[in-house]
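> Below is the structure I would like to discuss, written out as structure tokens.
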Amino acid sequence: MSTARPDLSIDRLIGELQALAKISEAEPPVVTRIVFSEADMRARAYVRELCEDAGLIISNDAAGNTFARWVGSEPDLAPIGTGSHIDAIPNAGLYDGCVGVLGGLEAIRVLQQLGFKPRRSIELVIFTAEEPTRFGIGCLGSRMMANVLTPPQARALRDNEGRSLEELRAKAGFTGALESVAVAPGRFHKFLELHIEQGPYLEEEGLDVGLVTHIAAPASQRIVIEGEGGHAGGKLMPGRKDALAAAAELILALEAAAKSTRAIDTVGTVGICEVFPGAVNSIPSRVSITTDVRDIDRARRDGVLEALRRASNEVAERRGVKIATELINADPPTTCDPEILAMLENSARAAGKKFKRMVARAYHDSSFVSCFAPTAMLFIPCRGGVSHRPDEYSSPEWIGSGVHVLSRTLAALAS
Ligand SMILES: [Zn+2]
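All residue numbers for the sequence shown refer to my numbering, where the first residue is 2 and numbers rise by one.
Below is the structure:
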């Protein structure tokens with residue numbers, strides 16, 4: 002069984018991951034890197050320099066997405082894309098996103114050292130702001146490339162201090178019209194993102210890599226129920242318009258609708274419930290809940306939302322309360338490209354890696370890339386499934402496995 006390739010320099014890659022982690026707004030080992038912060042800009046410069054050292058041609062778009070291209074022998078063909086993000090939520094670790102960027106670079110360097118000559122160019126992408134920390138919306142760069150976030154919507158974005166995306170990207174040196182960010186189908190021939198699993202299953206099952214077949218996507222809503230308040234003793238039960246009792250019916254209706262699909266991948270959650278006025282002796286007059294429905298199948302997910310809407314109408318009518326529903330977001334679930342998956346499987350076999358096909362439960366830049374290119378993801382284990390924490394950890398062996406399978410697959414795709 003061939004395990005590691007002698008030319009895969011895992012020490013170099015781990016060293017670079019650790020060096021990148023030190024470029025942080027927080028004391029190491031804590032990684033905090035908010036988009037367009039001073040730390041983000043230094044991290045971008047560090048990665049850019051590594052890419053230049055590898056002979057890659059760098060360009061940026063107006064949103065600050067960065068492209069580092071290894072030019073193929075037929076440079077007019079659509080390139081093979083790989084990459085991820087290097088921004089990090091407050092109090093994060095050093096593997097989320099960065100493994101896909103620096104691991105993608107390492108995969109390219111491995112192929113260079115092997116003397117491989119790509120026919121199609123291979124392009125490493127560093128997406129702007131996968132994390133929603135600054136602007137409240139995740140996958141900003143890839144979302145704009147997919148035109149799921151339109152230029153007018155992007156121009157309206159503000160951070161907590163009221164600073165606009167326009168102002169911050171200009172300050173970071175990314176100019177040009179936002180209209181130029183969206184790309185047409187065919188921008189990449191294929192796209193493949195390496196990422197840590199952010200769940201415990203690969204480690205628990207003793208596997209080296211996971212081949213992602215679907216990426217689930219959330220739809221979230223805010224539902225406000227207006228009833229009628231009053232004294233909890235003074236007002237008798239007949240004729241009450243208790244907003245919380247109505248909300249309770251909606252919460253159970255959501256649970257029932259999510260279960261009714263009989264699909265393991267449909268999940269529905271109410272994670273926030275705010276009760277007004279919130280006193281022990283007062284009938285709730287107003288309740289706000291948020292719903293989060295996820296699935297790998299858009300029609301099935303939207304069916305749950307529709308069932309919830311019907312339940313809302315029925316409850317509002319029967320209880321005499323007002324129910325207003327606001328859609329916060331509804332992102333597209335992804336079905337990964339069967340051709341890339343077949344190549345990943347061949348690569349994993351050839352590399353002697355243990356693998357399984359699996360669903361990604363959190364969304365990624367790949368969710369949006371899949372709107373304009375055939376896409377797949379490659380997962381590696383992370384200890385205990387821990388992510389978005391300073392103790393996030395993926396072993397050099399796991400990372401090496403991921404890069405090994407990635408490099409073989411990129412070579413097959415670019416040939
Ligand atoms: Zn990530």
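Beta carbons are placed, not taken as given, at the ideal position from N, Cα and C, and that holds for glycine.
Taking the alpha-carbon of Pro391 as reference, which of Asp88, Lys23, His86 and Asn92 has the nearest alpha-carbon?
In the sequence shown, the residue the question calls residue 391 occupies position 390. Residue Asn92 is the option with its Cα nearest to Pro391.
> Among Arg135, His196 and Val213, which has the Cα closest to the Cα of Phe37?
Indexing the sequence shown from 1 puts residue 37 at position 36. Checking every option, the nearest Cα to that of Phe37 belongs to Arg135.
> Once you ignore the five residues that flank Glu256 on each side, which residues in its own chain have a CB closer than 8 Å to its CB?
Here residue 256 refers to the residue found at position 255 of the sequence shown. Excluding residues within five positions, the ones whose Cβ falls inside 8 Å are Gly269.
> State the beta-bridge partners of Cys274 as determined by DSSP.
Numbered from its first residue, the sequence shown carries residue 274 at position 273. Answer by DSSP bridge pairing, in chain order: Ile290.
> Let me check understanding here. Comparing Cα to Cα, which of Thr176, Ala69 and Ile90 lies closest to Ala417?
What is shown of the chain runs 2 to 416, which leaves residue 417 out entirely.
> Taking 7 Å as the cut-off, decide whether the C-beta atoms of Leu195 and Gly82 are in contact.
Translated into positions along the sequence shown, residue 195 becomes position 194. Translated into positions along the sequence shown, residue 82 becomes position 81. Going by C-beta atoms, Leu195 is not nearer than 7 Å to Gly82.
> Cutting at 8 Å between CB atoms, please list the residues of its own chain near Leu342, excluding the five before and the five after it.
For the purposes of this step, residue 342 is identified with residue 341 of the sequence shown, where counting begins at 1. Correct list, in chain order: Leu212, Thr214, Arg358 and Ala377.
> For ligand 1, is there a heavy atom less than 6 Å away from the beta-carbon of Gly105?
Position 104 of the sequence shown, counted from the start, is the residue given in the question as residue 105. No, the Cβ of Gly105 stays beyond 6 Å of every heavy atom of ligand 1.
> Specify the secondary structure class of Phe37 as computed by DSSP and reduced to three states.
Here residue 37 refers to the residue found at position 36 of the sequence shown. Correct three-state label for Phe37: coil.
> Going straight from the alpha carbon of Phe68 to that of Ser85, what length do you get?
Residue numbering aside, residue 68 sits at position 67 when the sequence shown is read from its first letter. Residue numbering aside, residue 85 sits at position 84 when the sequence shown is read from its first letter. So the two alpha carbons sit approximately 11 Å from each other.
> Can you tell me which of Ala22, Asp209, Met42 and Ala300 puts its alpha carbon nearest to the alpha carbon of Asp266?
Residue 266 sits at position 265 when you count from the first residue of the sequence shown. Closest option to Asp266, Cα to Cα, is Ala300.
> Counting only the same chain and skipping the five closest in sequence on each side, list residues whose C-beta sits under 8 Å from that of Gly16.
The count along the sequence shown starts at 1 and reaches residue 16 at position 15. Nothing listed; no residue qualifies.
> So what's Leu125 in DSSP terms, helix, strand or just coil?
Along the sequence shown, one-based indexing puts residue 125 at 124. Leu125 falls in the strand class under three-state DSSP.
> Considering only heavy atoms of ligand 1 and the C-beta of each residue, which residues fall inside 7 Å, strictly closer?
With the cut-off at 7 Å, the residues found are Ser85, His86, Asp97, Gly98, Glu131, His196 and His365.
> Could you round the C-beta distance between Asn66 and Phe128 to whole angstroms and report it? I think they count as a contact, below 8 Å.
Position 65 of the sequence shown, counted from the first residue, corresponds to residue 66. Position 127 of the sequence shown, counted from the first residue, corresponds to residue 128. Right, their Cβ atoms sit about 6 Å apart.
> In this structure, how does DSSP classify Asn347 when only helix, strand and coil are distinguished?
Reading the sequence shown from its first residue, position 346 is the one you call residue 347. Note: Asn347 maps to helix in three-state DSSP.
> Taking just the CA atoms, how far does Val182 sit from Arg70?
Within the sequence shown, the letter at position 69 stands for residue 70. Within the sequence shown, the letter at position 181 stands for residue 182. Rounded to whole angstroms, Arg70 to Val182 spans 17 Å at the Cα level.
> What residue from Pro152, Val210 and Gly163 has the CA that sits closest to Gly353's CA?
Your numbering for residue 353 matches position 352 in the sequence shown. Considering only alpha carbons, the answer is Val210.
> Quick check on DSSP: helix, strand or coil for Phe192?
Looking up residue 192 in the sequence shown gives position 191. Phe192 falls in the strand class under three-state DSSP.
> Going along the chain, which unbroken runs of the beta strand (DSSP E) with 3 or more residues stay wholly within the stretch 193-274?
Here the runs fully enclosed are 210-216 and 218-227.
> Helix, strand or coil for Thr410? Go by DSSP, reduced to three states.
Translated into the one-based positions of the sequence shown, residue 410 becomes position 409. Thr410: helix per DSSP, three-state reduction.
> Among the candidates Gly240, Arg13 and Asp296, whose CA atom is the shortest distance from the CA of Arg417?
The displayed coordinates of the chain run from 2 to 416. Any statement about residue 417 would go beyond what the structure contains.
> So is Gly467 buried or exposed if we call it buried at 16+ other beta carbons inside 10 Å?
Given that the chain is displayed from residue 2 to residue 416, the structure contains no residue 467 and the question cannot be resolved.
> Out of Ala64, Val294 and Val72, which one is the CA nearest neighbour of Leu57?
The residue given as residue 57 occupies position 56 in the sequence shown. Of the candidates Ala64, Val294 and Val72, the one whose C-alpha sits nearest the C-alpha of Leu57 is Val72.
> Return helix, strand or coil for Asp303, following the three-state DSSP convention.
Start at 1 with the first residue of the sequence shown, and residue 303 comes out as number 302. Three-state DSSP puts Asp303 in a helix.
> Note down, in chain order, each residue of its chain lying with its Cβ closer than 7 Å to the Cβ of Pro187, except the 5 sequence neighbours on either side.
The residue labelled residue 187 in the question sits at position 186 within the sequence shown. Before going on, a small fix: residue 187 reads as Gly here, not Pro. So the qualifying residues of the chain are Ala79.
> So Lys357 is in the beta strand (DSSP E); what residue range does that whole segment cover?
For the purposes of this step, residue 357 is taken as residue 356 along the sequence shown, with counting starting at 1. Phe356 to Ala361 is the span of the beta strand (DSSP E), which, as asked, contains Lys357.
> Can you give me the start and stop residues for the beta strand (DSSP E) that Glu327 sits inside?
Translated into positions along the sequence shown, residue 327 becomes position 326. Element bounds for Glu327: Lys323 to Ala331.
> Should Pro219 be labelled buried (16 or more other beta-carbon atoms within 10 Å of its own) or exposed?
Sequence index remark: in the sequence shown, residue 219 carries index 218 (1-based). Answer is buried; the Cβ neighbour count reaches 16.
> Less than 7 Å between the C-beta atoms of Leu407 and Ala55, yes or no?
Position 406 of the sequence shown holds residue 407. Position 54 of the sequence shown holds residue 55. No, the Cβ-Cβ distance between Leu407 and Ala55 is not below 7 Å.
> Would Ser388 and Asp88 be called neighbours here (beta carbons separated by less than 7 Å)?
Numbered from 1 along the sequence shown, position 387 holds the residue referred to as residue 388. Numbered from 1 along the sequence shown, position 87 holds the residue referred to as residue 88. Against a cut-off of 7 Å, the Cβ pair of Asp88 and Ser388 comes out as no contact.
> Could you check the C-alpha separation between Val322 and Ala280 for me, to the nearest Å?
Here residue 322 refers to the residue found at position 321 of the sequence shown. Here residue 280 refers to the residue found at position 279 of the sequence shown. Distance between the alpha carbons of Val322 and Ala280 is about 20 Å.
> At which residues does the alpha helix (DSSP H) containing Phe369 begin and terminate?
By 1-based counting over the sequence shown, the position of residue 369 is 368. Phe369 -> alpha helix (DSSP H) spans Asp366 to Val370.
> CB-CB under 6 Å to Thr335, same chain, minus the five flanking residues each way: which ones, in chain order?
What you label residue 335 is simply residue 334 of the sequence shown in a count that begins at 1. Closer than 6 Å at Cβ, skipping near neighbours: Ile216, Ser368 and Ser371.
> Check this for me: beta carbons of Ala32 and Leu95, under 7 Å apart or not?
What you label residue 32 is simply residue 31 of the sequence shown in a count that begins at 1. What you label residue 95 is simply residue 94 of the sequence shown in a count that begins at 1. First, the amino acid is wrong: residue 32 is Val here, not Ala. Yes, the Cβ-Cβ distance between Val32 and Leu95 is below 7 Å.
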